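Participant:
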Ligand SMILES: [Zn+2]
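In my numbering, the protein residues as written are 42 to 105.
(1) Mind checking whether the beta-carbon of residue 62 lies closer than 7 Å to any heavy atom of ligand 1?
(2) Near residue 43, what residues of its chain come up, given a Cβ to Cβ distance below 6 Å and the 5 sequence neighbours on each side ignored?
(3) Ignoring anything shorter than 3 residues or poking outside the stretch 64–89, list the beta strand (DSSP E) runs there in chain order.
(4) Keeping to the same chain, check which residues put their C-beta closer than 8 Å to that of residue 99; ignore five residues upstream and five downstream.
(5) Check each candidate in 58, 51, 50 and name the one with the smallest Cα separation from residue 97.
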């Protein structure tokens, strides 16, 4: 698991939900934004590439 998705249905301001990187098994407190398709977010700590499709997958099932 590299990405966790949380969506609070009562939080209308953030209806698209929140993404958190799971870094070496630890869920990070800082939420991360969906990167552009051609610019995956590379974590400076663990080196994993978080691509746009990982975010879509996480949105569908809560994690990726
Ligand atoms: Zn990481």
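The beta-carbon is built from N, C-alpha and C at its ideal position, and this holds for glycine as well.
Note that the structure is predicted; figures quoted are calculated from it, not measured.
Facilitator: Straight from the coordinates:
(1) Taking the first residue of the chain shown as position 1, residue 62 is located at position 21. With a cut-off of 7 Å, the C-beta of residue 62 is classified as near ligand 1, since at least one heavy atom of the ligand falls inside that distance.
(2) The residue given as residue 43 occupies position 2 in the chain shown. Counting only residues of its own chain and dropping the five nearest sequence neighbours on each side, residue 43 has a CB closer than 6 Å to the CB of 63, 89.
(3) Counting only runs of 3 or more, we get 67–73.
(4) As a working note, residue 99 is residue 58 in the chain shown. So the qualifying residues of the chain are 44, 45, 46, 60, 105.
(5) The sequence position of residue 97 within the chain shown is 56, counting from 1. When only C-alpha atoms are compared, the closest one is 58.
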